[in-house]
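**Student:** In UniProt numbering, the protein residues as written are 1 to 176.
Glycine residues also receive a C-beta, built at the ideal position from the N, C-alpha and C atoms.
Quick caveat: nothing in here was measured; it's all calculated off a predicted structure.
Could you have a look at this structure, given as structure tokens, before my questions?
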Amino acid sequence: MTVEIDPAGIWDSEAIADVAAATFPLACPPGATQDDIAAFIDDVLSAERFSEYLTDPNRTVLKVTHGGAIVGYAMLIDGEPADPDVGRAVTLRPTTEISKLYVLPGNHGTGVASALMDAIVERAVAAGCAGLWLGVNQENVRAQRFYAKHGFTQVGTKTFLVGTQLHHDFVMQRAL
Numbered sequence: 001m002t003v004e005i006d007p008a009g010i011w012d013s014e015a016i017a018d019v020a021a022a023t024f025p026l027a028c029p030p031g032a033t034q035d036d037i038a039a040f041i042d043d044v045l046s047a048e049r050f051s052e053y054l055t056d057p058n059r060t061v062l063k064v065t066h067g068g069a070i071v072g073y074a075m076l077i078d079g080e081p082a083d084p085d086v087g088r089a090v091t092l093r094p095t096t097e098i099s100k101l102y103v104l105p106g107n108h109g110t111g112v113a114s115a116l117m118d119a120i121v122e123r124a125v126a127a128g129c130a131g132l133w134l135g136v137n138q139e140n141v142r143a144q145r146f147y148a149k150h151g152f153t154q155v156g157t158k159t160f161l162v163g164t165q166l167h168h169d170f171v172m173q174r175a176l
């Protein structure tokens, strides 16, 4: 499958929010309620929020397009981790967080996510980063396998709030 990966622009906010709304529930643990997932999407993954993310100088949103449609995206955050526990677990500096990395289900297993990861690594290397880090839900084994395949190892844990529910994530990092 031929895809293009480029930085997203403010004009992509609505399309990326649509992809986020379709993909985020797939990464949630089975115990997450529909109300909490919907609240998270409304609060964190709306078109308005993506407009904010796309104008934040510490964030980069990469979009994956196929046939003119956005089929996936990643959000990267440069700088020190905000959570002190994550800051102690992540040992590579300077670092970039992969805050979000999602691909629409019809594109799973096609190499789209791997191509997106390659673009993330290329960007981080060009920016002079020593490593990348991310949080992945402890029950999301599929995502953990994907990240391990791409050189990430577990270095700690953190919590993640979805609506009113507190979830537990593994913190993973990769040297560049």
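Leaving out the 5 sequence neighbours to the left and right, which residues in its chain are closer than 6 angstroms to S101 when beta-carbon positions are compared?
**Tutor:** Here the question's residue 101 lines up with position 101 in the sequence shown. The identity of residue 101 in the sequence shown is Leu, whereas the question assumes Ser. Closer than 6 angstroms at the Cβ level, and outside the excluded window around L101, lie A74.
**Student:** Pull up the distance between the alpha-carbon of D36 and that of V90, whole angstroms please.
**Tutor:** Looking up residue 36 in the sequence shown gives position 36. Looking up residue 90 in the sequence shown gives position 90. If you take the alpha carbons of D36 and V90, they lie about 29 angstroms apart.
**Student:** For the alpha helix (DSSP H) that A15 lies in, which residues bound it at each end?
**Tutor:** For the purposes of this step, residue 15 is taken as the residue at position 15 of the sequence shown. Unbroken alpha helix (DSSP H) run through A15: S13 to A27.
**Student:** Could you pull out every residue in the same chain whose Cβ sits closer than 7 angstroms to the Cβ of P94, ignoring the five residues on either side in sequence?
**Tutor:** Within the sequence shown, numbered from 1, the residue matching residue 94 stands at position 94. Excluding positions up to five away in sequence, the list reads G128, C129 and A130.
**Student:** Roughly how many angstroms lie between the CA atoms of I98 and S13, to the nearest whole one?
**Tutor:** Sequence index remark: in the sequence shown, residue 98 carries index 98 (1-based). Sequence index remark: in the sequence shown, residue 13 carries index 13 (1-based). Roughly 18 angstroms between the two C-alpha positions.
**Student:** Per DSSP, which one or two residues make a beta bridge with G131?
**Tutor:** As a working mapping, residue 131 is identified with position 131 in the sequence shown. BP columns for G131 point to T95 and A175.
**Student:** How many angstroms separate the CA atom of F146 from the CA atom of A113?
**Tutor:** For the purposes of this step, residue 146 is taken as the residue at position 146 of the sequence shown. For the purposes of this step, residue 113 is taken as the residue at position 113 of the sequence shown. Using only the alpha carbons, I get a separation of about 9 angstroms.
**Student:** What residue ranges within the stretch 61-121 form continuous beta strand (DSSP E) runs of no fewer than 3 residues, ordered along the chain?
**Tutor:** As far as the stretch 61-121 is concerned, its whole beta strand (DSSP E) runs of at least 3 residues are 69-78 and 95-103.
**Student:** Among the residues of its own chain, which have a CB less than 7 angstroms from the CB of L104, if the five just before and after it don't count?
**Tutor:** Locating residue 104 in the sequence shown gives position 104, counting from the first residue. Answer for L104: V19, A22, T23, V71 and G72, listed in chain order.
**Student:** Determine the contact status of R59 and D78, defining contact as a CB-CB distance below 9 angstroms.
**Tutor:** As a working note, residue 59 is residue 59 in the sequence shown. As a working note, residue 78 is residue 78 in the sequence shown. Their beta carbons are under 9 angstroms apart, which means R59 touches D78 by this criterion.
**Student:** Please classify R174 as buried or exposed, where buried requires at least 16 other C-beta atoms within 10 Å of its C-beta.
**Tutor:** In the sequence shown, residue 174 corresponds to position 174, counting from 1. Buried: at least 16 other Cβ atoms inside 10 Å.
**Student:** What would DSSP say about E4, mapped onto helix, strand or coil?
**Tutor:** Counting from 1 along the sequence shown, the entry for residue 4 is found at position 4. Strand, per DSSP.
**Student:** Specify the secondary structure class of L54 as computed by DSSP and reduced to three states.
**Tutor:** The residue labelled residue 54 in the question sits at position 54 within the sequence shown. Looking at L54 - three-state DSSP - the assignment turns out to be helix.
**Student:** Need the endpoints of the beta strand (DSSP E) that F146 sits in, please.
**Tutor:** The sequence position of residue 146 within the sequence shown is 146, counting from 1. Looking at the DSSP string, F146 is not in any beta strand (DSSP E); the run it does join, the alpha helix (DSSP H), is V141 to K149.
**Student:** Could you give the residue range of the alpha helix (DSSP H) that holds Q34?
**Tutor:** As a working note, residue 34 is residue 34 in the sequence shown. Segment Q34 to V44, the alpha helix (DSSP H) holding Q34.
**Student:** With 16 as the cutoff for other CB atoms within 10 Å, does K149 come out buried or exposed?
**Tutor:** For the purposes of this step, residue 149 is taken as the residue at position 149 of the sequence shown. Exposed.
**Student:** So V61 packs on V3, CB below 8 angstroms; how close in whole Å?
**Tutor:** To locate residue 61, count along the sequence shown from 1; it is residue 61. To locate residue 3, count along the sequence shown from 1; it is residue 3. Contact doesn't hold; Cβ gap of about 16 angstroms is too wide.
**Student:** Apply the 10 Å Cβ neighbour rule to L132 and answer buried if 16 or more other Cβ atoms are within range, or exposed otherwise.
**Tutor:** As a working mapping, residue 132 is identified with position 132 in the sequence shown. Answer is buried; the Cβ neighbour count reaches 16.
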